[in-house]
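Written out below as C-alpha cells is the structure these notes cover.
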Amino acid sequence: MSTPVETFTTYKHSIELQKNVADLWWTVDDNEREITFELHINTTGWIALAGGMKGTDIGVGWVDQRGSVYFQDRYAFAKERPMLDNTTIDWFALQGREVSGWTAIQFKRLLDTCDLMDVPIKSGTNKLIFAYGLTDPIPSGPNGEISYHENQHGSRALSLRSYTDSPSEDIFAGLDYFDFRLNNACHISMFY
Numbered sequence: 015m016s017t018p019v020e021t022f023t024t025y026k027h028s029i030e031l032q033k034n035v036a037d038l039w040w041t042v043d044d045n046e047r048e049i050t051f052e053l054h055i056n057t058t059g060w061i062a063l064a065g066g067m068k069g070t071d072i073g074v075g076w077v078d079q080r081g082s083v084y085f086q087d088r089y090a091f092a093k094e095r096p097m098l099d100n101t102t103i104d105w106f107a108l109q110g111r112e113v114s115g116w117t118a119i120q121f122k123r124l125l126d127t128c129d130l131m132d133v134p135i136k137s138g139t140n141k142l143i144f145a146y147g148l149t150d151p152i153p154s155g156p157n158g159e160i161s162y163h164e165n166q167h168g169s170r171a172l173s174l175r176s177y178t179d180s181p182s183e184d185i186f187a188g189l190d191y192f193d194f195r196l197n198n199a200c201h202i203s204m205f206y
C-alpha cells in the first residue's frame, strides 16, 4: 500500500487502487448486511468512492482544518457534479483524519439500501470509481459543494463480496426445497 497513514482497524480485504495515490480497505458484515470501507487518498481535499459515474450513488468525504469529518450521500444522473441525495442518507462516516498530505476516512453503508438512488453492492464484480479534489468543499460543512475532479480519478473492477470463506452448507440442512424467484420469470422450485 502507498499510504503512510495507519488504518483505523483491521480489514478482511485491501487493494492499492493507484500507486502513490489511493488505497482501499473493506470488510463485509453479512449479519448486519453492511460494508465498512476505509479510503486513503493523497490529497487534503475531498475524496469519493462510487459504483460508477452515471446513475449511481457516491460517497464524498473530507476532513476540515479543525479535524472535523464530513461525509455526503450523493447521486450522479449523468457525467456532471453529483447532487446531494436528500431522499435518504445511506453513507455514514465513522472517523477520519489527514496525515502527511493524505486524507483517510472510514465509512459504511448497507449492502442494499432499498433506495432507488443507490446501487446494491452484490456478489460478483462491482465497478468502483474513486475521485478526489485538491481542496475541501465550500463551505466546509455538511452542505459543502465539491469542485470538479478533472483528471484526479480512477476505476477498478473488484469483488467486494468475496466468498473465499463461503458459508457452511449446514445452513441448508433440513430443507426439503427452496425457491428461486426472479423478476419477469417463471416460478422455479428445486427439490432434493
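Residue 161 in this note's numbering sits at position 147 of the sequence shown, with consecutive numbering throughout. Note that beta-carbon positions come from the ideal geometry of N, C-alpha and C, so glycine has one too.
Local conformation of residue i per DSSP, three classes
| i | result |
| --- | --- |
| residue 140 | strand |
| residue 206 | Here residue 206 scores only 46 on pLDDT, less than 50, and its place in the model is too uncertain to base an answer on. |
| residue 149 | coil |
| residue 117 | strand |
First through last residue of the beta strand (DSSP E) which encompasses residue i
| i | result |
| --- | --- |
| residue 105 | No beta strand (DSSP E) holds residue 105; DSSP gives it neither H nor E. |
| residue 48 | 48 to 55 |
| residue 170 | 167 to 172 |
| residue 37 | 36 to 43 |
| residue 19 | Where residue 19 is concerned, there is no enclosing beta strand (DSSP E), given that its DSSP letter is neither H nor E. |
Same chain, Cβ closer than 7 Å to residue i, neighbours up to 5 away in sequence not counted
| i | result |
| --- | --- |
| residue 129 | 101, 102 and 104 |
| residue 99 | 71, 87, 88, 89 and 131 |
Close beta carbons around residue i, own chain, < 6 Å, minus the five adjacent residues each side
| i | result |
| --- | --- |
| residue 76 | 60, 84 and 150 |
| residue 35 | 56 |
| residue 175 | 42 and 137 |
Beta carbon of residue i nearer than 8 Å to that of residue j
| i | j | result |
| --- | --- | --- |
| residue 19 | residue 160 | no |
| residue 41 | residue 27 | yes |
| residue 49 | residue 143 | no |
| residue 52 | residue 25 | yes |
| residue 141 | residue 169 | yes |
| residue 62 | residue 171 | no |
8 Å CB neighbourhood of residue i in its chain, flanking five on each side removed
| i | result |
| --- | --- |
| residue 107 | 75, 83, 84, 85, 119, 120 and 121 |
Whole-number beta carbon distance between residue j and residue i, since they are thought to touch under 8 Å
| i | j | result |
| --- | --- | --- |
| residue 117 | residue 58 | 6 Å |
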